[in-house]
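Residue numbers (numbering that gives the first Met the number 0): 0 to 421.
Everything on this sheet refers to the single structure shown next.
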Amino acid sequence: MHRLFPVDEYPRLKRRRRPILRLRYPLFLILVIAAWFFLPEHGIGTGGMSQGRDSATDGPAASAHISGQAARGLISREDLACIDQDTIDRYHLTIDWDLQQFIAEKASQYKLYYGAVVVLHAGSGDILALYGRGVGGEQDCSLGLDPDLGASIFKLVTAVAALEQAGFTSESVFSYNGSAYTLYKRQLTDMRNRWTEDISLADAFARSNNVVFGKIGSMHLGQQPLILTAEKMGFGKSPLREISIVPSESYLPQDDYGVAELACGFNRHTRISPLHAAQMVTAVLNNGCMLTPRLAHGQGVEKIRAMQDSTARALHDMMERTVKRGTVSKAFRGSSSDRVLKHLVIGGKSGSINGGEPQGRRNWFAGYARHKETGEGITIGCLLILNDRFWIEADTLSRLVIRRYFSRQNAGNHMVQAGGTG
């Protein structure tokens with residue numbers, strides 16, 4: 000039997016290989032530790048565009064921590080049912096605890112039958128408040144993620160489509176017959192008589208004129224432009240990245256009257272969440288770019304082109320007109336002389352429709368508030384379901400929330416000016 004090497008050389012060969020084996024294991028351990036350290040959840044944040052307060056408020060430790068949390072899927076809808084300071088700290092949530100507590104106190108004070116309020120920072124996309132109260136009076140902050148009948152909030156979509164797809168301006172004039180708040184097939188014509196009234200697009204938006212918006216949809220736009228604009232503005236997509244939620248939805252009309260129902264929001268198919276309502280309004284304050292809401296520090300914020308810059312400016316003015324002399328003007332009366340509100344530009348859109356589960360009237364406010372000097376802004380999506388007895392409506396509650404947020408901002412600015420920057 001032939002050997003590959005002499006017998007007396009085999010021990011020497013083994014002795015020469017032992018040092019190599021001793022070095023190999025430590026080197027292997029070093030490589031494993033290095034690979035573990037550079038995994039995304041241990042030091043590299045998620046992708047996306049960071050905006051606004053991101054660089055000011057998010058430290059490297061918070062960014063790395065929440066990136067790991069999100070990557071492992073530890074934030075769930077159940078975790079958001081009751082948001083307290085412990086929940087905020089555990090998941091590094093963007094929630095403003097003072098504002099969250101304020102909304103909870105008002106919900107209790109006014110005995111809300113059912114309600115959900117979402118507040119976004121318009122510059123960063125941070126969710127500053129996510130509050131919900133169920134029919135039994137129990138707190139369920141995740142209700143702000145649930146779509147419900149959107150009513151006239153969908154007029155935001157139709158207004159964008161009218162400006163961009165049909166070539167109208169905010170001062171384009173439309174005619175209508177009968178009540179502005181009904182929608183009958185006989186109203187969807189251009190026939191004029193002695194009862195015909197004329198109104199501009201801006202005023203039709205501010206007064207939530209169903210007939211004009213129904214005619215814009217059925218006679219000037221049609222189904223496809225409305226559906227495509229709705230998709231650009233986030234319908235059919237989950238607004239959140241941290242957890243997947245049911246998206247807002249429109250529907251495919253079967254005839255011209257169905258298109259009119261879709262365009263004015265006077266239907267029982269279009270569903271919008273308070274979170275998505277607030278998200279859509281961020282485009283008005285960001286030159287037409289809609290921000291993805293951010294629930295946890297460290298998550299990237301994406302800007303999505305939802306409308307043209309000129310459209311955003313026109314919609315901004317129409318929403319401001321709604322507050323000054325439209326459907327929510329009563330709730331915001333006296334703002335020009337209020338110590339806090341007089342420094343703000345406020346715009347909004349209301350909506351109202353009856354529905355079930357839970358039974359009651361859906362009462363909406365979606366809007367923005369921007370400080371005239373600093374430019375800081377927030378957006379709000381507020382949905383209350385009102386039963387036979389109620390103490391507050393969505394526009395009034397939104398006014399209180401706006402005032403609370405900016406009263407603290409003003410106080411902070413005064414303290415900085417008085418004490419200097421140190």
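A virtual CB, placed ideally from N, CA and C, is assigned to each residue, including glycine.
I'd like to check one pair, Ala262 with Leu225: are the Cβ atoms closer than 8 Å?
yes
Could you tell me the distance, in whole angstroms, from the CA atom of Thr326 to the CA atom of Leu73?
42 Å
Which residue's Cα is closest to the Cα of Ala205: His315, Ala277 and Leu220?
His315
For Ala128, collect the residues of the same chain with a Cβ closer than 7 Å to its Cβ; drop the 5 residues on either side in sequence, then sort them by chain order.
Ile94, Asp95, Leu98, Gln99, Ile102, Val116, Val117 and Val118
Suppose you measure from the CA of Leu142 to the CA of Ser178; what does that come to, to the nearest Å?
34 Å
My output table needs one value for Ser237: the three-state DSSP class, helix, strand or coil.
coil
For Lys184, which of Trp194, Lys341 and Asp255 has the nearest alpha-carbon?
Asp255
In three-state terms, what does DSSP make of Trp96?
Three-state DSSP puts Trp96 in a helix.
Leaving aside the five residues before and after Ile65 along the sequence, list all residues of the same chain whose C-beta is less than 6 Å from its C-beta, in chain order.
In this prediction, Ile65 has a pLDDT of 41, which is less than 50 and means its spatial position is unreliable; what the coordinates show is noted afterwards. His91, Ala295, His296 and Gly297, listed in sequence order.
What are the boundary residues of the beta strand (DSSP E) that includes Val172?
Val172 to Tyr175
Is it the case that the Cβ atoms of Ile345 and Phe331 are separated by a distance below 8 Å?
yes
Quick check on Arg403: buried or exposed, where buried means 16 or more other Cβ atoms within 10 Å of its Cβ?
buried
How about Ala106 and Thr281: are their beta carbons less than 8 Å apart?
No.
Within the same chain, show all residues whose beta-carbon is closer than 6 Å to that of Glu392, passing over the 5 residues directly before and after it, in chain order.
For Glu392, the CB contacts under 6 Å within the same chain, skipping 5 residues up- and downstream, are Asn362 in chain order.
Taking 8 Å as the threshold (C-beta atoms), are Phe389 and Tyr112 in contact?
yes
Determine the extent of the beta strand (DSSP E) in which Val159 is found, giving its start and end residues.
First-last for Val159: Lys154 to Glu163, but that is the alpha helix (DSSP H), not the beta strand (DSSP E).
For Glu260 versus Leu148, is the C-beta distance shorter than 8 Å?
Result no, Cβ atoms of Glu260 and Leu148 do not sit closer than 8 Å.
Out of curiosity, what's the CA-to-CA distance linking Phe167 and Leu251?
24 Å
How should Gly350 be labelled, buried or exposed, when 16 other C-beta atoms within 10 angstroms of its C-beta is the threshold for buried?
buried
Might you give, ordered along the chain, the residues of its own chain that have their beta carbon closer than 8 Å to the beta carbon of Ser243, omitting 5 neighbours on each side?
Ser237
Quick check: what's the CA-CA separation for Asp189 versus Leu284?
35 Å
If you compare alpha carbons, which of Asp78, Gly257 and Asn286 is closest to Arg304?
Asn286
Ile87 by DSSP, collapsed to three states: which one?
Here Ile87 sits in helix by DSSP.
Among Glu230, Asn176 and Leu382, whose alpha-carbon lies nearest the alpha-carbon of Asp145?
Leu382
Would you tell me roughly how many angstroms separate the C-alpha atoms of Val300 and Cys288, rounded to the nearest one?
12 Å
CB-CB under 7 Å to Ala158, same chain, minus the five flanking residues each way: which ones, in chain order?
Phe204, Leu314 and Met317
Please state if the CB of Ile152 and the CB of Gly264 are separated by a distance shorter than 8 Å.
yes
Out of curiosity, what's the CA-to-CA distance linking Ser169 and Lys214?
16 Å
Going by Cα to Cα distance, which pick from Asn266, Met218 and Leu290 is closest to Met232?
Leu290
Between Gln253 and Arg398, what straight-line distance do the alpha-carbon atoms span, to the nearest angstrom?
Distance between the alpha carbons of Gln253 and Arg398: 39 Å.
Shortest alpha-carbon distance to Glu230 belongs to which of Gly359, Ala368, Tyr130 and Ser247?
Ser247
Taking only three categories from DSSP, how would you classify Lys184?
helix
Report yes if the C-beta distance between Ile126 and Pro273 is below 8 Å; otherwise report no.
Pro273 sits away from Ile126, with the two beta carbons spaced by 8 Å or more.
Using three-state DSSP, classify Met190 as helix, strand or coil.
coil
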